Amino acid sequence: MADGTEKTNLKGKTILVVDDEDTVRDVIQAYLSDLGVFVIFAESPSHARECLRQFSVDVILSDIAMPGGETGIDLLQWCREEKIIAPFILVSGFISPSDARFALTQGVQHVIHKPFKKKQLIEAVLSSFAVSDSYSNLVESYIKEIELNQQLFMAAIDGFAAAIGARDGYTMDHSEQVAYFAVLLSRRIGLDDKNVQTARIAGKLHDIGKIGVPESILLKKELLTTGEYDVMKSHPGKAAEILGSLPSLAAVIDGAKHHHERYDGTGYPDGLKGESIPLIGRILAICDAFSAMITKRPYRSAIPPEKAREEIRLNSSTQFDPQLAKEFLSIPEIAQI
0 MADGTEKTNL KGKTILVVDD EDTVRDVIQA YLSDLGVFVI FAESPSHARE
50 CLRQFSVDVI LSDIAMPGGE TGIDLLQWCR EEKIIAPFIL VSGFISPSDA
100 RFALTQGVQH VIHKPFKKKQ LIEAVLSSFA VSDSYSNLVE SYIKEIELNQ
150 QLFMAAIDGF AAAIGARDGY TMDHSEQVAY FAVLLSRRIG LDDKNVQTAR
200 IAGKLHDIGK IGVPESILLK KELLTTGEYD VMKSHPGKAA EILGSLPSLA
250 AVIDGAKHHH ERYDGTGYPD GLKGESIPLI GRILAICDAF SAMITKRPYR
300 SAIPPEKARE EIRLNSSTQF DPQLAKEFLS IPEIAQI
């Protein structure tokens with residue numbers, strides 16, 4: 000196909016699309032036409048509930064903001080209360096931190112930002128159908144054990160990471176890179192498999208708070224004003240708010256909230272100092288800074304990896320935990336970048 004997606008036949012599969020705009024429904028219908036999937040359209044959450052009482056669906060794709068007072072988030076909550084476990088894709092121009100937090104805890108599969116491209120929609124739909132096939136027999140355990148179901152939970156995490164990255168084109172690759180570096184450093188210092196996995200998830204989600212930062216600031220090519228920088232600095236706190244209802248992932252919350260703390264106590268949001276900064280926060284501080292330096296940003300060019308490594312060394316004991324910085328720089332994969 001011209002857009003790079005492979006032709007896939009999903010004959011016999013059903014997707015419910017919930018959106019109040021005719022033009023959006025027409026676009027989605029056109030995008031999905033090559034998949035052979037049966038599409039049911041609903042114009043509102045109430046209409047969607049009627050459809051779900053009449054039909055068995057494999058995937059639900061819903062806009063968030065719709066007329067009438069109800070939203071796609073309300074529909075998601077109703078589906079979970081009714082134990083309808085069809086993978087859920089949310090479509091929106093903007094999602095609030097509170098909605099993002101709720102959707103994540105309910106195992107939402109993907110969040111797609113408008114305007115979306117055909118390839119982006121199809122990839123989300125195909126991965127959701129794959130999850131639907133794998134977990135069609137786990138209705139009760141899905142509702143009760145969503146946090147413990149690793150595949151579904153990681154799919155939700157990947158969906159939110161993709162949603163963040165879709166807004167600025169930088170954050171997605173950056174988050175994946177930070178996760179990779181965090182795994183390398185965690186293993187280097189001898190953390191067990193559980194904590195290495197936590198570091199990976201924290202790396203993926205450390206910038207999830209940017210969902211609440213306006214695109215005018217997130218995409219700005221010039222240096223931020225003091226006021227704009229203050230807004231940008233709010234993203235660790237927003238991340239903690241989004242992730243706050245996942246108590247089993249406390250270390251992930253610590254990583255997302257404290258990856259901009261500095262070892263000398265001059266960082267944010269809490270001005271923590273030294274080892275009072277949670278370990279995962281100190282790990283992500285190094286990984287985040289190194290990734291940011293070697294990556295091109297809207298307002299500056301990337302710097303050579305050797306210079307980035309030198310910056311880590313020079314800022315050891317001020318910005319970074321000195322022992323962690325030493326271990327990071329001794330990792331063979333880092334030395335070879």
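Here numbering that gives the first Met the number 0 is used: the sequence shown runs in plain steps of one and ends on residue 336. Note that beta-carbon positions come from the ideal geometry of N, C-alpha and C, so glycine has one too. Please read all numbers here as calculations on a predicted model, not as lab measurements.
The beta carbon of residue 336 sits closer than 6 Å to those of 304, all from its chain and outside the five residues before and after it, given in chain order. Where residue 112 is concerned, the enclosing beta strand (DSSP E) starts and stops at 109-112. Three or more pairs of CB atoms, one per stretch, sit closer than 8 Å, so the stretch 309-328 contacts the stretch 177-189. Taking a C-beta distance under 7 Å as the contact criterion, residue 241 and residue 207 qualify as a contact pair. Inter-residue distance for residue 233 and residue 117 is about 33 Å (C-alpha atoms, whole angstroms). Residue 211 and residue 13 have their alpha carbons spaced roughly 33 Å apart. Around the Cβ of residue 30, a 10 Å sphere holds 16 or more other Cβ atoms; the residue is buried.
The Cβ-Cβ distance between residue 86 and residue 127 falls below 7 Å. Secondary structure in the stretch 43-94: the beta strand (DSSP E) runs of 3 residues or longer, each lying completely within the stretch, are 58-62 and 87-91 in chain order. DSSP places residue 41 in the uninterrupted beta strand (DSSP E) bounded by 37-41.
The continuous beta strand (DSSP E) containing residue 15 extends over residues 13-17. Around the Cβ of residue 290, a 10 Å sphere holds 16 or more other Cβ atoms; the residue is buried. When Cβ pairs closer than 8 Å are counted between the two stretches, the stretch 104-114 is seen to touch the stretch 74-91, the count reaching three or more. Beta-bridge partners of residue 315 (DSSP): 319.
Close CB contacts of residue 69 within its chain, under the 6 Å cut and outside five residues either way in sequence, are with 44 (chain order).
By the criterion of a C-beta distance shorter than 7 Å, residue 52 is surrounded by no residue of its chain, once the five residues flanking it on both sides are discounted.
In the structure shown, residue 199 adopts helical secondary structure according to DSSP, grouped into three states. DSSP, reduced to helix, strand and coil, places residue 308 within a helical segment of the structure shown. Take the alpha-carbon of residue 229 and the one of residue 236: they are about 12 Å apart.
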